[in-house]
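Enquirer: Residue numbers (numbering that gives the first Met the number 0): 0 to 230. We put the beta carbon where it would ideally sit given N, CA and C, even for glycine. Treat the numbers as computed from the prediction; the structure is a model and nothing was measured.
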Amino acid sequence: MDIPKYNGTMHPEEWIRQIKASCYYNNVCSDGIHVYLCKQLIHPAIKIPYIDNIPTTNELLNALKAHVTFTIFKESCKRKLLTLKYIPEKNGGNTATFLANFQSLCYNAEINDIEEIKNIFLKSIIYAEFFNDEFLKKSKEINSMEELLKLFGDITADEAILIKNGSCIAIKHAATGKYLNSASNLNYKTGTSQQAVFAGKTSLEQMRYGSLKIRIHRILFYMMVEFIWII
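Right under this line is the structure:
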């Protein structure tokens with residue numbers, strides 16, 4: 000197992016954990032040896048006052064966190080966090096990677112206040128009105144990062160099955176078992192003169208004109224009124 004060096008580009012707590020993991024892997028369990036090894040692996044440019052007098056890894060961690068390089072590291076991570084944007088998987092994004100990066104950057108920037116985390120998270124998913132509305136509505140009772148991640152997972156699952164303008168859908172008439180059908184070149188001759196709908200076959204495979212693709216406001220209109228079936 001490779002032993003990493005510390006140069007201020009990672010969280011010192013994570014770095015010390017990696018050092019300890021490497022030591023445990025080699026059956027070295029003494030904290031005195033751990034802190035000695037850590038001191039040898041700190042880059043010479045990082046000057047820690049009285050480092051030779053630091054006896055434990057916990058005290059060394061505090062000393063590293065008090066150094067200016069850690070302040071710079073945290074500020075850099077927060078800037079990255081504020082520019083992080085969620086890209087849906089249907090657009091080539093990766094939800095698991097996004098959440099892992101978000102959680103990691105919050106940890107590295109030492110942002111622990113859940114309200115601040117929720118505000119930053121909301122800005123990262125601002126691409127869709129559905130996400131914003133659902134998150135604002137359901138996040139008020141969120142008190143931990145774990146609950147936040149679960150909420151986002153639930154919202155993405157709901158969004159995946161959300162019907163949007165231009166969606167291809169199938170609407171089945173309960174009484175006859177026939178599917179609502181249409182064709183792009185078939186319009187009503189009177190009234191609105193817009194795209195016509197009619198009762199098709201009882202099997203999607205048998206439908207003459209294929210999938211129905213119309214705007215959502217028209218779908219809702221036809222679902223609210225009684226269909227006039229043209230058979």
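By the DSSP assignment, the alpha helix (DSSP H) with Glu191 in it spans what residues?
Expert: The sequence shown places Thr at residue 191, not Glu. Here Thr191 belongs to no alpha helix (DSSP H), and DSSP marks it neither H nor E.
Enquirer: For Leu83 and Leu104, which I take to be in contact (beta-carbon distance under 8 angstroms), what is that distance rounded to the nearest angstrom?
Expert: At roughly 7 angstroms, the Cβ-Cβ gap stays under 8 angstroms, so Leu83 and Leu104 are in contact.
Enquirer: On the DSSP bridge assignment, give the partners of Ile41 in chain order.
Expert: DSSP lists Tyr5 as partners of Ile41.
Enquirer: If you draw a straight line from the C-alpha of Pro87 to the C-alpha of Ala20, how long is it?
Expert: The alpha-carbon atoms of Pro87 and Ala20 are separated by roughly 36 angstroms.
Enquirer: Which residue wins for smallest C-alpha separation from Asp30, given the options Glu109, Ala195, Ile18?
Expert: It is Ile18.
Enquirer: Which whole runs of the beta strand (DSSP E) in the region 80–118 are 3 residues long or more, in chain order?
Expert: DSSP runs (the beta strand (DSSP E)) wholly in the region 80–118: none.
Enquirer: Only counting the same chain, and skipping five residues up and downstream in sequence, which positions put a Cβ closer than 8 angstroms to that of Ile53?
Expert: Val34, Lys38, Ile47, Leu59, Ala62.
Enquirer: Could you spell out where the alpha helix (DSSP H) holding Tyr23 opens and where it closes?
Expert: Per DSSP, Tyr23 belongs to the alpha helix (DSSP H) from 11–24.
Enquirer: Which residues in the same chain as Tyr85 place their Cβ atom closer than 6 angstroms to its Cβ, once the five residues preceding and following it in sequence are excluded?
Expert: Counting only Cβ-Cβ distances below 6 angstroms, and skipping sequence neighbours, we find Phe97, Ser123, Ile124.
Enquirer: Along the alpha helix (DSSP H) that carries Glu58, what are the first and last residues, could you check?
Expert: Segment 56–65, the alpha helix (DSSP H) holding Glu58.
Enquirer: In chain order, what residues of the same chain lie with their CB nearer than 7 angstroms to the CB of Trp14, ignoring the 5 residues before and after it?
Expert: Pro3, Tyr5.
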